[in-house]
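Set out below in structure tokens:
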């Protein structure tokens, strides 16, 4: 029996062990017509947007933790940037909000100026590139990997119980005693990095950037070093 799920991609890739199909739209019909046919025939699929068409992601530092995301989006719009989305970053384990915001900006002629901006409204800010090479993207809609929910046309699956209702519609809202992974069907939530289905990638070496891993980790001051039983302050005096 042929798997009717189709993954529509702009880059050619081998079919995986599940039998899912990859379509290279560089050598086929236009992407709009292909996607329209898939939707009209109720075929589950997701679309991988080419890198040069994806929004530019930046990290904004200096905004208060309580500021509303819509205000940040409006301030960026006032500076003539085309804003796709603004999200507030959270700590990886506790999900506690941090005073860090990720802005996704569409490609415009002035996009490179974003790194020179020092003010958003009344606040002094610094804006830097957002790099997430060490994190595999996971869809918040279907819980599969390597794509986002913005271009996902798979059925929704809860991140906690793997059932079809969306995560936001799954009771209880905050805690489930016996979670079920939507990918391996074992006893853990879908984003668990120890999952046998979680993709393993090698981090890329390069110039220092703000990585998603670093952003989500709390800052810990190093303990004072010692020299032959003396503290650092004593050794330096």
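In the UniProt record's numbering, the protein residues as written are 1 to 237.
For each residue, glycine too, the CB sits at the ideal point set by N, CA and C.
Note that the structure is predicted; figures quoted are calculated from it, not measured.
What does the Cβ neighbour count give for residue i, buried or exposed, with the cut at 16 atoms within 10 Å?
i: residue 131; result: buried
i: residue 115; result: exposed
i: residue 36; result: exposed
i: residue 164; result: exposed
i: residue 97; result: exposed
i: residue 70; result: exposed
i: residue 60; result: buried
i: residue 190; result: buried
May I have the straight-line CA-CA distance separating residue i from residue j, to the nearest angstrom?
i: residue 239; j: residue 101; result: Because the chain spans 1 through 237 in this model, residue 239 falls outside it and cannot be assessed.
i: residue 160; j: residue 93; result: 15 Å
i: residue 158; j: residue 197; result: 16 Å
i: residue 128; j: residue 41; result: 43 Å
i: residue 88; j: residue 76; result: 15 Å
i: residue 154; j: residue 122; result: 42 Å
i: residue 27; j: residue 177; result: Residue placement at residue 27 is flagged as unreliable, the pLDDT there being 49, under the threshold of 50; a coordinate-derived value is accordingly withheld.
i: residue 34; j: residue 192; result: 33 Å
i: residue 39; j: residue 148; result: 17 Å
i: residue 110; j: residue 74; result: 17 Å
i: residue 146; j: residue 65; result: 30 Å
i: residue 179; j: residue 143; result: 14 Å
i: residue 99; j: residue 86; result: 13 Å
i: residue 136; j: residue 199; result: 7 Å
i: residue 162; j: residue 103; result: 30 Å
i: residue 156; j: residue 186; result: 18 Å
i: residue 48; j: residue 106; result: 16 Å
Mind checking who residue i pairs with in its DSSP beta bridge?
i: residue 57; result: 104
i: residue 46; result: 152
i: residue 39; result: Residue 39 pairs with nothing; no bridge assigned.
i: residue 90; result: 97
i: residue 164; result: Its beta-bridge partners do not exist; DSSP assigns none.
i: residue 123; result: 120
i: residue 145; result: 138
i: residue 186; result: Looking at the DSSP assignment, residue 186 forms no beta bridge with any residue, so it has no partner.
i: residue 83; result: 105
With a cut-off of 8 Å on the beta carbons, I'd call residue i and residue j a contact; round off their distance for me.
i: residue 50; j: residue 84; result: With a Cβ gap of about 15 Å, residue 50 and residue 84 do not count as contacting.
i: residue 81; j: residue 108; result: 7 Å
Looking at residue j and residue i, is the spacing between their C-beta atoms short of 9 Å?
i: residue 79; j: residue 125; result: no
i: residue 120; j: residue 72; result: yes
i: residue 46; j: residue 181; result: no
i: residue 188; j: residue 167; result: no
i: residue 183; j: residue 170; result: no
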